[in-house]
Amino acid sequence: MAADIFGLSQGKLIKSGCEIQAQLIYEQSVHSTIHELSRAFKDFSQDGILQRLARDKSAISALESCRVHISVALYKLNNSLISPSESSLDSTILNDIKTWLSGAGVNLYTCIEEFDGEIDQTRNLAEEKLNKSVELVKKSLQLTKQLNTRISSTDIPKLSDSKFLNHMNPNLVVAKDGSGNFKTISDALNAVPNYSSKRFVIYVKKGVYFERVKVELSKWNVMMFGDGIHKTVVSGHASTSDGLKTSLTGTFSVYGKGFIARDMTFRNTAGAIKKQAVALYSDSDQSVFYRCRIDGYQDSLNPQSMRQFFRECFIYGTVDFIFGLSATVIQHSHIFIRRPLPGQENVITSHSKFLPEDYTGISIQNCIIRAAEDLTGVRTYLGRPLTDFSIAAYLDNLMDKLIDPQGWLPFNNNTPPPETVIYVEYNNWGPGATTSSRVYWKGLRINPPRVEASRYTVRSLINGEQWLPATGVPFKLDL
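Start counting the sequence shown at 1; every next residue gets the next number (UniProt numbering).
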């Protein structure tokens, strides 16, 4: 009997040893990535070698964008480290780790892409400086699979604060007329405590706030609410026509995790003529936009990476106007398509992927898709792939007649994308939902089995059951 007990004990020790070893290998990989990326960051600094090579406004803007993206990537890598207090990893923690790692990879990928169109020497050097960091991120992501197989999973549901949205006592008030604590949103955000584990609420009174707002990485768990989408408006007009890279054009940009916005409008007034012009940019994990209006033309909504949720919103745009590399679910919202420049075609979604293994995508569920104005002569498509692993899903939506019968548009001329591009249409209705003339692509799933369509829901795509209940925002967990 004693020998049996000893054997069982040894078994537990061996298993525990494997778990510890897997964690140590993973931690070492992430630390190596942080070290390598920190070294590379010096070359992108204002006195680095790349800055000395930059000869025009576009290259300088690319470097400015890269400094932001590399800083954010370093922040995400640090968040992907396993806390010493974690004796075991449940699936919630493991999902968080994968999300942060993937998000860091997205930032590095975006940094490299910012140099598209630049002279070969500058682009090649930028890519060379970041290649090792990209490979290390990939290695760390692969190591998470070993963590998953060695560590048992016990989920601990978070407590729900369902009354939160109806009983908001703001910590700060913003008012243009001086009746609040601050006159600008940016000044109010500067007063928010850093890395707060508690919800910090900012009430923005009615008015049009002409400012470029940035919720910094250090501003955690901020909630901002206004007096309604027609009353509280944040407005800007930056665009790529100003010499900026797309990610720097956002009127309202969010980086700090756990952000919630309610009853506000985020607007970019650059118009179709100015091309890419972002109204809302979000690189915040577990962010929520509830009863908001995102108002622009090309590239108006950019959920860049991490996990994002939109509910009961009004989203306006033209070309690629819901785009990014994130895992995003948009529910019970109105998507309005505007008239683009002459000769342009409208595209609603344009998703990219950093790695094939990333479980990301854009999912639009129980929404209404219609024209915002007369679109005679304009072709409108559900999406087009920016990479060979793009994912977009339309589930249970009303589609008006503006949707082109082919449904989807290839990114490069008439070349069909590979079967690794996954597009899903499930149980949609209305004149634009007729699928008889859709493109014949291997990756297009028309009304697939329910279990397959379920992969693109709040539960599966953004792990919403683990964090959305605490926000108090309504959501549909499954189909």
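Glycine included, every Cβ here is placed at the ideal spot set by N, Cα and C.
Small disclaimer: the values here were computed from a predicted structure and weren't measured.
(Q) Check whether the region 70 to 84 and the region 311 to 321 are in contact - that is, three or more C-beta pairs closer than 8 Å. (A) In short, these stretches do not touch, since the Cβ pair count stays below three.
Under the three-state DSSP convention, the category Ile202 falls into: Within the sequence shown, the letter at position 202 stands for residue 202. In this structure, DSSP gives Ile202 an extended state, which the three-state scheme calls strand.
Practice problem: Consult DSSP for Gln331 and reduce its assignment to one of helix, strand or coil. | Solution: Reading the sequence shown from its first residue, position 331 is the one you call residue 331. Gln331 carries a strand assignment under DSSP once its states are collapsed to helix, strand and coil.
So what's Ser241 in DSSP terms, helix, strand or just coil? The count along the sequence shown starts at 1 and reaches residue 241 at position 241. It is helical.
*asked:* I'd like to know whether the C-beta atoms of Thr360 and Ile337 end up nearer to each other than 8 Å.
replied: Taking the sequence shown and counting its residues from 1, the one referred to as residue 360 is at position 360. Taking the sequence shown and counting its residues from 1, the one referred to as residue 337 is at position 337. Cβ atoms of Thr360 and Ile337: not closer than 8 Å.
Notebook entry, point to check: Taking the alpha carbon of Leu63 as the point to measure from, which residue in Lys245, Gly180 and Gly443 has its own alpha carbon closest?
Noted result: Taking the sequence shown and counting its residues from 1, the one referred to as residue 63 is at position 63. Considering only alpha carbons, the answer is Lys245.
Taking just the CA atoms, how far does Lys219 sit from Asn190? Taking the sequence shown and counting its residues from 1, one reaches residue 190 at position 190. Taking the sequence shown and counting its residues from 1, one reaches residue 219 at position 219. Those two C-alpha atoms are separated by around 9 Å.
(message) For the alpha helix (DSSP H) containing Ala59, name the first residue and the last one.
(response) Within the sequence shown, residue 59 is the residue found at index 59, counting from 1. Ala59 -> alpha helix (DSSP H) spans Lys57 to Asn79.
Discussion item. Just to confirm the assignment, what range does the beta strand (DSSP E) spanning Asp320 have?
Written reply: Residue mapping note: residue 320 aligns to position 320 of the sequence shown, counting from 1. Val319 to Gly324 is the extent of the beta strand (DSSP E) around Asp320.
Between Tyr381 and Val347, is the Cβ-Cβ spacing less than 8 Å? The residue given as residue 381 occupies position 381 in the sequence shown. The residue given as residue 347 occupies position 347 in the sequence shown. Pairing Tyr381 with Val347 gives a Cβ-Cβ distance under 8 Å.
| said: Using a Cβ-Cβ cutoff of less than 6 Å, which residues in the same chain neighbour Asp393 once the five nearest sequence positions on both sides are dropped? | reply: Sequence index remark: in the sequence shown, residue 393 carries index 393 (1-based). For the record, residue 393 in the displayed sequence is Ala; it is not Asp. Taking Ala393 as the centre and dropping the five residues before and after it, the same chain places the C-beta of Ser363, Val424 and Tyr456 closer than 6 Å to its C-beta, in chain order.
Q) Do Ala261 and Asn268 have their CB atoms nearer than 8 Å? A) Numbered from 1 along the sequence shown, position 261 holds the residue referred to as residue 261. Numbered from 1 along the sequence shown, position 268 holds the residue referred to as residue 268. Cβ atoms of Ala261 and Asn268: not closer than 8 Å.
Practice problem: Specify, as a first and last residue, the run of the alpha helix (DSSP H) that Val458 falls within. | Solution: One-based indexing of the sequence shown puts residue 458 at position 458. First-last of the alpha helix (DSSP H) with Val458: Val458 to Leu461.
Note to self: Since Ser140 and Thr33 should fall inside the 8 Å C-beta cutoff, what is the C-beta to C-beta distance between them, to a whole number of angstroms?
What the structure shows: Translated into positions along the sequence shown, residue 140 becomes position 140. Translated into positions along the sequence shown, residue 33 becomes position 33. Thr33 and Ser140 do touch by the CB rule: their CB atoms are close to 6 Å apart, below 8 Å.
- Query: Would DSSP call Ile82 helix, strand or coil?
  - Reply: Counted from its first residue, the sequence shown places residue 82 at position 82. It is coil, neither helix nor strand.
Starting from the C-beta of residue 480, find all residues in its chain whose C-beta is less than 8 Å away, skip the five residues before and the five after it, and write them out in chain order.
Beyond the ends of the chain as shown, which are 1 and 479, falls residue 480; an answer cannot be given.
message: Looking only at its chain, what residues have a beta carbon closer than 7 Å to the beta carbon of Asn414, apart from the 5 residues adjacent to it on each side?
response: The sequence position of residue 414 within the sequence shown is 414, counting from 1. Taken in chain order, the list of residues that qualify is empty.
- Message: I'd like the list of long-range same chain contacts for Phe252, defined as Cβ closer than 6 Å, with 5 residues on each side in sequence excluded.
- Response: Your numbering for residue 252 matches position 252 in the sequence shown. Annotation for Phe252: Val213, Val234, Phe266 and Leu280 place their beta carbon closer than 6 Å to its own, counting only its chain and skipping 5 residues before and after.
_Going by C-alpha to C-alpha distance, which of Met224, His332, Thr349 and Val192 sits closest to Leu479?_
For the purposes of this step, residue 479 is identified with residue 479 of the sequence shown, where counting begins at 1. Of Met224, His332, Thr349 and Val192, the residue nearest in Cα terms is His332.
task: Report the option in Ile315, Lys353 and Asp374 whose CA atom is closest to the CA atom of Pro385.
output: On the sequence shown, position 385 is the one that residue 385 refers to. If you compare the alpha carbons of Ile315, Lys353 and Asp374 with that of Pro385, the shortest gap goes to Lys353.
Fill in: Option in Ser305, Gly271, Tyr203 and Asn95 with minimal Cα separation from Trp467
In the sequence shown, counting from the first residue as 1, residue 467 sits at position 467. With distances taken between Cα atoms, Trp467 lies closest to Asn95.
### Message
Need the endpoints of the beta strand (DSSP E) that Ile185 sits in, please.
### Response
Here residue 185 corresponds to residue number 185 of the sequence shown, with the count starting at 1. Where Ile185 is concerned, there is no enclosing beta strand (DSSP E), although the alpha helix (DSSP H) around it starts and stops at Ile185 to Asn190.
**Prompt:** Which residues share a DSSP beta bridge with Trp429?
**Reply:** Residue numbering aside, residue 429 sits at position 429 when the sequence shown is read from its first letter. Its beta-bridge partners are Leu398.
**Request:** Sort out for me which residues DSSP pairs Ser235 with in a bridge.
**Result:** Counting from 1 along the sequence shown, the entry for residue 235 is found at position 235. DSSP lists Phe210 and Arg267 as partners of Ser235.
**Prompt:** Is it the case that the Cβ atoms of Gly324 and Met264 are separated by a distance below 8 Å?
**Reply:** One-based indexing of the sequence shown puts residue 324 at position 324. One-based indexing of the sequence shown puts residue 264 at position 264. No, Cβ-Cβ distance for Gly324 and Met264 is not below 8 Å.
- Just the C-alpha distance for Asn366 and Gly430, rounded to the nearest angstrom, thanks. Along the sequence shown, read from residue 1 onward, the residue named residue 366 stands at position 366. Along the sequence shown, read from residue 1 onward, the residue named residue 430 stands at position 430. Distance between the alpha carbons of Asn366 and Gly430: 12 Å.
Subject >> Helix, strand or coil at Leu130 according to DSSP, with G and I counted as helix >> reply: As a first step, residue 130 is located in the sequence shown; it is residue number 130 there, counting from the start. In the structure shown, Leu130 sits in a helix (DSSP, three-state: H, G or I).
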